[in-house]
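Written out below as structure tokens is the structure these notes cover.
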Amino acid sequence: MCFRIAMLSLHTSPLAPLGRTRDAGGMNVYVRELARELGRGSMYVDIFTRRSDPTAPPMQCLNDHVRLISIPAGPALPLPPSELFPYVEDFSRRVARFAERGEHGYDLVHSHYWLSAVAGMTLAREWDVPHVTMFHTVERLKSQQYGAPAGPASPASALRIEHEGRIAASADTIIVSTEHEREQLRRLYGLPASRLQIIPCGVDLRAFTPGSPQDRRAARQRLAPTHAPTNAPTLLSVGRLDPIKGLDLLLESVAQMKIPARLIVIGGDPAGDAEVERLRALAETLGIGDRVEFPGAVAQPELVNYYRAADALVITSRYESFGLVAVEALAAGTPVVAAQVGGLPSIVRDGKNGLLVRWRCAQAFAERLDTLLGDDALRARLAAAARPSVEHFDWRRIGDTVRAMYQELTAARREAVACCCF
Ligand code: UDP
58 MCFRIAMLSL HTSPLAPLGR TRDAGGMNVY VRELARELGR GSMYVDIFTR RSDPTAPPMQ
118 CLNDHVRLIS IPAGPALPLP PSELFPYVED FSRRVARFAE RGEHGYDLVH SHYWLSAVAG
178 MTLAREWDVP HVTMFHTVER LKSQQYGAPA GPASPASALR IEHEGRIAAS ADTIIVSTEH
238 EREQLRRLYG LPASRLQIIP CGVDLRAFTP GSPQDRRAAR QRLAPTHAPT NAPTLLSVGR
298 LDPIKGLDLL LESVAQMKIP ARLIVIGGDP AGDAEVERLR ALAETLGIGD RVEFPGAVAQ
358 PELVNYYRAA DALVITSRYE SFGLVAVEAL AAGTPVVAAQ VGGLPSIVRD GKNGLLVRWR
418 CAQAFAERLD TLLGDDALRA RLAAAARPSV EHFDWRRIGD TVRAMYQELT AARREAVACC
478 CF
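Structure (structure tokens):
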């Protein structure tokens, strides 16, 4: 029997270029890779996204079992998530109409981010199927990272908080990527542990590999600037240029280091980006302008060469619900120095495959980075442990867990329906 999933990714397409804007990063990778993995088995997945590009085809195939369907709802332009709520109802209606025209219905709705989850609640109710959701970020937790002042939230924030509460109360299962996230949601919404399932994000272990020592040397040589020696200590940052990533702290930390390390900051629009310009100016002010490079966003298949070329990936984020880039760097055999926040401690083990920094201050980061770069033996030990430490994040394994969860939920729903008939 075929199992059909309606996967909702309203605010961003899983095929959007990664890291270039603030709205395309880990969630896009997650939706794309999970759908592909589910499609490799016997499941069929339709991913529904809002049409934000008038030239995009209405339907694309990601593999034999996976389709990406662009649903017109609101203007066919990229819009920030904060402007999309008025189009959610229309989006749901059009997804329902699309489903009516098909030969088969869906067995389950899996939504990503709160806007999709609002649509997911409506569709799951209408089709009488289970609704699985993943918040990716939660407004009440996110605002805490910025030290949100006590008092009323902005109207946009209040709207999101209200809906996230409704989603938490109604979804059959909420997927969280770490134990830490499960505890936070349990406390925030008083949810029973049974409705929260921990399933980490996966990594493409075939794409992100350490390579041979020659591969690593070649990667380093290719990225070496003409004015610096190939063996100059090299640090790397990869991600969307969003304030949550704490890049100001990263630059301040590098400026305070005793070792004059080179820093490559990947992310942002290579064709021109106000945030890159701001960060470049900050690097100049801090006196490290000649050691910091901003190549812009890099296509994912190319990223492995950056990970291989670096001595360490540095993550100074204020918050990370998971932190895919940490897993990718480790899979590529590169240690990670990360802030001890959110889900990062479930990936980075202090002194084993990287270093964790407890305090959000430049001096603490600078000290740990100097320690790592100044100690060849330590770096070699952490690098050797990096790849084995993330092999359990293989997408095949994650896909099996998600499939089993879907099947359990639909079986329980059928049983409940059968009981009601007697
Ligand atoms: N990424 C990329 N190119 C870039 C920047 C980021 O391919 O220039 C990808 C990166 O490989 C990772 C994802 O975007 O898979 C970022 O995920 P993460 O969980 O680290 O951060 P999020 O975007 O979820 O905050």
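If you want our numbering, it's the position in the sequence shown, counting the first as 1, plus 57. All C-beta atoms in this analysis are idealised placements derived from N, C-alpha and C, irrespective of residue type, glycine included.
- Scanning its chain for C-beta atoms nearer than 8 Å, with the 5 sequence neighbours on each side dropped, one finds around Lys199 the residues Ile301 and Tyr376, in chain order.
- Contiguous alpha helix (DSSP H) elements confined to the region 262–350 occur at 270–280, 304–313 and 331–342, taking only those with 4 or more residues.
- A direct Cα-to-Cα measurement between Phe422 and Asp432 gives close to 16 Å.
- At a Cβ-Cβ threshold of 9 Å, Asp164 and Ile62 count as neighbours.
- Listed by position along the chain, the residues with Cβ atoms less than 6 Å from a non-hydrogen atom of the ligand UDP are Leu75, Gly76, Gly82, Gly83, Met84, Val86, Val295, Gly296, Arg297, Ile323, Gly324, Ala354, Val355, Gln357, Leu360, Phe379, Gly380, Leu381, Val382 and Glu385.
- In this structure, Met84 sits away from Thr230, with a CB-CB distance that is not shorter than 9 Å.
- Distance from the CA atom of Gly390 to the CA atom of Ala130, rounded to whole angstroms, is 43 Å.
- Counting along the chain, no alpha helix (DSSP H) covers Ile62; the unbroken beta strand (DSSP E) around it starts and ends at Phe60 to Leu65.
- The DSSP assignment places 369–372 and 393–396 as complete runs of the beta strand (DSSP E) inside the region 363–399, in order along the chain (cut-off: 3 residues).
- Val384 and Leu91 have their alpha carbons spaced roughly 16 Å apart.
- A residue is called buried once 16 or more other Cβ atoms fall within 10 Å of its Cβ, and Met178 is buried on that count.
- Counting only residues of its own chain and dropping the five nearest sequence neighbours on each side, Ser374 has a CB closer than 7 Å to the CB of Ile301, Lys302, Gly303, Ala396 and Val398.
- Taking 9 Å as the cut-off, the beta carbon of His122 is found closer than this to the beta carbon of Leu95.
- For Pro132, the number of other beta carbons within 10 angstroms of its own is below 16, and it is reported as exposed.
- Judged by DSSP secondary structure, Ile232 falls within the beta strand (DSSP E) whose first and last residues are Thr230 to Val233.
- The region 449–456 makes contact with the region 258–267, as at least three CB pairs between them are under 8 Å.
- For Arg124, the enclosing beta strand (DSSP E) covers residues Val123 to Ile128.
- Going by C-alpha positions, Pro111 is about 49 Å away from Asp427.
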